[in-house]
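Undergrad:
Numbering (this note's numbering), first residue to last: 1482 to 1687.
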C-alpha cells in the first residue's frame, strides 16, 4: 500500500514538472462549453449559462475568462424553483457531445463575490493545494485534480473523460464554500447580485 501511495505521489510530481516545461501537456477534444453551478447539501442546484453563450471571444488553446452574475436571467437549469437558498458548494462543469471523450481544462482565479463585491470564496492555487476539491462527475486520469504550472503560473487541472449521467455527458469538480457566521452556515443567492468568475484554458489537440 505504501509503495502504491509513493508511486502516485511521484507520478503527480513528475506531471507537475513536465507541465512546467510545457513538454508533455495533455490535450483533449473541445467540449461544448464550461459553466459554473451551485449546489445545496441535498443536491438541489442551479446551472449558469455556459461559456458558449457568455464569451464571444472564446477559443481553445488560450486563456479565457468565465464571468456571470447569479440570477434568473443567467440560469439555464433551475432545480430550486427560484429560491436559491442553502447553497454550500460551487462547481465548475463541462459537457461533451459524446460519452467518454477526453477533456483537458486548466482553471485559475476562481472567485465568488456577494452583492457588495466582497469576495466570499477565492482560489488561485499558488500554494499548490487543490483545496479539497471533489470530483462529482467524469472518469479521472492520474493527473486530474492536481495543481500544475501552465504558462508560468500555478493552476488547477481538470483532466477526465466525460461520463454519461443525469441525461448528459459531462465532467464536474466542486469545492465547498466557507461556512457563514450565525445559525445558517449556507449561502442565499436569491437577490441576484452574487457573481462567479474564473479563468480557463481548454487544451485541444490540433
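Think of the CB as a built atom: it goes at the ideal place given N, C-alpha and C, for glycine as much as any other residue.
Which one or two residues does DSSP pair with residue 1646 in a beta bridge?
TA: Along the chain shown, read from residue 1 onward, the residue named residue 1646 stands at position 165. The partner list for residue 1646 (beta bridge, DSSP) reads 1649.
Undergrad: If we count Cβ pairs, one from each stretch, closer than 8 angstroms, do we get three or more for the region 1655-1674 versus the region 1624-1644?
TA: No, the region 1655-1674 does not touch the region 1624-1644.
Undergrad: For residue 1535, which of helix, strand or coil comes out of DSSP?
TA: Here the question's residue 1535 lines up with position 54 in the chain shown. DSSP places residue 1535 in helix when its eight states are reduced to three.
Undergrad: Please specify which runs of the alpha helix (DSSP H), each continuous and at least 4 residues long, are wholly inside the region 1511-1584, giving them in chain order.
TA: Segments of the alpha helix (DSSP H) lying fully in the region 1511-1584: 1532-1535.
Undergrad: Can residue 1624 be considered in contact with the ligand FAD, in the sense that its beta carbon sits closer than 7 angstroms to one or more heavy atoms?
TA: By its list of ligands, the structure shown contains no ligand whatsoever, and the ligand FAD lies outside what it can speak to.
Undergrad: Could you name the residues of the same chain whose beta carbon sits closer than 8 angstroms to that of residue 1578, not counting the 5 residues immediately before and after it, in chain order?
TA: Mapped onto the chain shown, residue 1578 falls at position 97. Answer for residue 1578: 1513, 1650, listed in chain order.
Undergrad: Counting along the chain, where does the beta strand (DSSP E) carrying residue 1600 start and finish?
TA: In the chain shown, counting from the first residue as 1, residue 1600 sits at position 119. It spans 1600-1604 - the beta strand (DSSP E) in which residue 1600 sits, taken as one unbroken run.
Undergrad: Which same chain residues, not among the five before or five after residue 1502, have their C-beta less than 8 angstroms away from its C-beta?
TA: Within the chain shown, residue 1502 is the residue found at index 21, counting from 1. The predicted position of residue 1502 is uncertain, since its pLDDT is 47 and thus under 50; a value taken from the coordinates is nonetheless stated next. There are no such residues.
Undergrad: Taking C-alpha atoms, which residue in 1533, 1609, 1660 lies nearest to residue 1575?
TA: For this step, residue 1575 is matched to residue 94 along the chain shown. Checking every option, the nearest Cα to that of residue 1575 belongs to 1533.
Undergrad: Below 8 angstroms, can you find three or more Cβ-Cβ pairs linking the region 1558-1569 to the region 1589-1606?
TA: No, they do not touch.
Undergrad: Put residue 1590 into one of helix, strand or coil per three-state DSSP.
TA: Counted from its first residue, the chain shown places residue 1590 at position 109. DSSP places residue 1590 in strand when its eight states are reduced to three.
Undergrad: Less than 6 angstroms between C-beta atoms, sequence neighbours within five positions excluded: which residues of the same chain meet that for residue 1559?
TA: Taking the first residue of the chain shown as position 1, residue 1559 is located at position 78. Once the five neighbours on either side are set aside, the close Cβ partners of residue 1559 are 1527.
Undergrad: According to DSSP, simplified to helix, strand and coil, what is residue 1658?
TA: Counted from its first residue, the chain shown places residue 1658 at position 177. Here residue 1658 sits in coil by DSSP.
Undergrad: Taking the alpha-carbon positions, what's the residue 1556 to residue 1622 distance?
TA: Here residue 1556 corresponds to residue number 75 of the chain shown, with the count starting at 1. Here residue 1622 corresponds to residue number 141 of the chain shown, with the count starting at 1. C-alpha separation (whole angstroms): 30 angstroms.
Undergrad: Here's the rule I'm using: 16 or more other beta-carbon atoms within 10 Å means buried, otherwise exposed. How should residue 1661 be labelled?
TA: Locating residue 1661 in the chain shown gives position 180, counting from the first residue. Counting Cβ neighbours within 10 Å, residue 1661 comes out exposed, since fewer than 16 surround it.
Undergrad: Is it buried or exposed, residue 1518, if we count other Cβ atoms within 10 angstroms and call 16 or more buried?
TA: Here residue 1518 is taken as the residue at index 37 of the chain shown, counted from 1. Answer is buried; the Cβ neighbour count reaches 16.
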